[in-house]
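In the working numbering, the protein residues as written are 1 to 405.
Here's what the structure looks like:
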């Protein structure tokens, strides 16, 4: 380096200073991994991606074309924050089949269910408020609650979902404002909250006066076993707020989700959304509403479920065939994920670079823990790959794990 370069003045610091809350918002491990994992030479099981070949592309295109041809000016104009009324009414009717009885004024259309998480946190949480989550829990929800400066308390989970007995013990000494749960095919574990625990969770919320945020992006994707009712089906006191989305059943690029809850609470969410983005895209809302009137959504779901079931079974068989002794995993009944516990002494964080070298990718488990991250887990997505590539990917991954033992 020349003397002139060494003596050159340092650039001034930036004129902007980040808010302190930004120190609590962690980079998404999944999004960072996807930057590498989406390379075409890598078999990635990292992203929570639905199968693109199952998107109803032609039907979505036709719905957009019809809307533009018949109501184009309205579809391209500003709209109400609450969302397109026919779409909200359709959602009410559809959710009633799952035990969620509501009216259109209890529904707010959002930019995916992720915005619903953010809006609930925005209107509900003050710095230092306590949020209870499963350990592990959905990474992007942890990011959101942390960004609003909440504190976390964690409860255990098993093959029947959140341990409500653990929660009841916690409630003896803590007063949470919110309990967040993915009751169906949880992200990251793929497990489902049992019927009895659903009843018990609502009972605890009513007794201890906290809100349950029921996030249900995967509930329509059950490929084995019986559908279970929404937590809201057991709620007659307004303690359950539910989130849903078309991202996993139609297409994530539409960015159409919803929140359903007590009228007064949804009214506050609507005010918060007004200051965030005014409203969800009018054209997309009207196109989805049009699609649902001319498209057999039920038949579409019936076509998705066996495909995802086949892929889940292919991954389970490949894990059985290729994982070394001491490896354990969950067995999902629906959704997109399963959860792997590595043999003793191994770390998903340390394995990932070695896996990338062998052209296979996953998400390490540690970012899914709100408190006290545990490195011995990883999450696998099976919905985005056909069975032959799943088998090859698990062969590569099994070899990486065996070599690290």
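Don't be surprised by glycine CBs; every beta carbon is placed ideally from N, CA and C.
Close-in-space but distant-in-sequence residues of the same chain around residue i (CB under 6 Å, 5 per side omitted)
| i | result |
| --- | --- |
| residue 81 | 270, 273, 274, 279 |
| residue 88 | 104, 107 |
| residue 122 | 272 |
| residue 118 | 144 |
| residue 364 | 348, 349, 352, 378 |
| residue 148 | 121, 125 |
| residue 215 | 182, 243 |
| residue 220 | 249, 301 |
Residue i to residue j span [Cα, whole Å]
| i | j | result |
| --- | --- | --- |
| residue 414 | residue 328 | The first residue shown for the chain is 1 and the last is 405, placing residue 414 beyond what the model contains. |
| residue 108 | residue 222 | 25 Å |
| residue 120 | residue 128 | 16 Å |
| residue 133 | residue 333 | 22 Å |
| residue 226 | residue 20 | 46 Å |
| residue 304 | residue 252 | 15 Å |
| residue 288 | residue 190 | 28 Å |
| residue 206 | residue 77 | 42 Å |
| residue 235 | residue 261 | 11 Å |
| residue 388 | residue 335 | 20 Å |
| residue 112 | residue 91 | 14 Å |
| residue 321 | residue 311 | 15 Å |
| residue 373 | residue 232 | 31 Å |
| residue 375 | residue 73 | 53 Å |
| residue 393 | residue 309 | 18 Å |
| residue 102 | residue 366 | 38 Å |
| residue 397 | residue 158 | 25 Å |
| residue 14 | residue 146 | 25 Å |
| residue 264 | residue 238 | 10 Å |
| residue 25 | residue 371 | 14 Å |
| residue 11 | residue 22 | 23 Å |
| residue 70 | residue 59 | 16 Å |
| residue 314 | residue 395 | 12 Å |
| residue 298 | residue 16 | 51 Å |
| residue 155 | residue 94 | 32 Å |
| residue 67 | residue 240 | 34 Å |
| residue 218 | residue 249 | 8 Å |
| residue 57 | residue 39 | 24 Å |
| residue 180 | residue 79 | 30 Å |
| residue 8 | residue 399 | 52 Å |
| residue 192 | residue 18 | 39 Å |
Beta-carbon contacts of residue i that lie in its chain and below 8 Å, excluding the five residues immediately before and after
| i | result |
| --- | --- |
| residue 401 | 323, 324, 327, 342, 343, 346, 351 |
| residue 151 | 128, 129, 130, 131 |
| residue 63 | 287, 288, 290, 291, 294, 295 |
| residue 85 | 104 |
| residue 306 | 223 |
| residue 258 | 83, 88, 91, 107, 108, 109, 110, 113, 116, 243, 244, 245 |
Contacting residues, own chain, Cβ-Cβ under 7 Å from residue i (five flanking each side not counted)
| i | result |
| --- | --- |
| residue 276 | none |
| residue 41 | 359 |
| residue 408 | The chain is shown only over 1 to 405; residue 408 falls outside these bounds and no answer can be derived. |
| residue 204 | 164, 167, 168, 171 |
| residue 195 | 228 |
| residue 153 | 130, 132, 170, 174, 176 |
| residue 285 | 83, 84, 87, 109, 256 |
| residue 209 | none |
| residue 51 | 307, 383, 384 |
CB-CB length for residue i against residue j, believed under 8 Å
| i | j | result |
| --- | --- | --- |
| residue 49 | residue 384 | 4 Å |
| residue 416 | residue 337 | Absent from the structure is residue 416, since the part of the chain shown begins at 1 and ends at 405. |
| residue 46 | residue 381 | 7 Å |
| residue 201 | residue 173 | Going by Cβ atoms, the distance from residue 201 to residue 173 rounds to 18 Å, so no, they are not a contact pair. |
| residue 75 | residue 283 | 5 Å |
| residue 243 | residue 116 | 4 Å |
| residue 98 | residue 247 | Contact doesn't hold; Cβ gap of about 17 Å is too wide. |
| residue 178 | residue 142 | At roughly 13 Å, the Cβ-Cβ gap does not stay under 8 Å, so residue 178 and residue 142 are not in contact. |
| residue 199 | residue 160 | That belief does not hold up - the Cβ atoms of residue 199 and residue 160 are roughly 13 Å apart, past 8 Å. |
| residue 331 | residue 339 | Not really, about 10 Å apart at Cβ, beyond 8 Å. |
| residue 354 | residue 404 | 7 Å |
In DSSP terms, what residue i is bridged to
| i | result |
| --- | --- |
| residue 222 | 334 |
| residue 162 | 157 |
| residue 294 | Bridge partners of residue 294: none, in fact. |
| residue 44 | 361 |
| residue 356 | Residue 356 is not bridged to any residue. |
| residue 341 | 328, 377 |
| residue 148 | Paired residue(s): none; residue 148 is not in a bridge. |
| residue 178 | 131, 211 |
| residue 167 | According to DSSP, residue 167 bridges with nothing at all. |
| residue 244 | 258 |
Contact test: residue i Cβ vs the ligand GDP heavy atom, cutoff 6 Å
| i | result |
| --- | --- |
| residue 20 | Only the bare structure without any ligand can be found here, which leaves the ligand GDP out of the picture. |
Please list the segments of the beta strand (DSSP E) lying wholly inside the region 84-119, counting only runs of 3 or more residues, in order along the chain.
As far as the region 84-119 is concerned, its whole beta strand (DSSP E) runs of at least 3 residues are 107-110.
Could you pull out every unbroken beta strand (DSSP E) segment of at least 3 residues lying fully inside the region 256-310, listed in chain order?
Taking only runs of at least 3 residues, the beta strand (DSSP E) segments lying wholly in the region 256-310 are 257-260.
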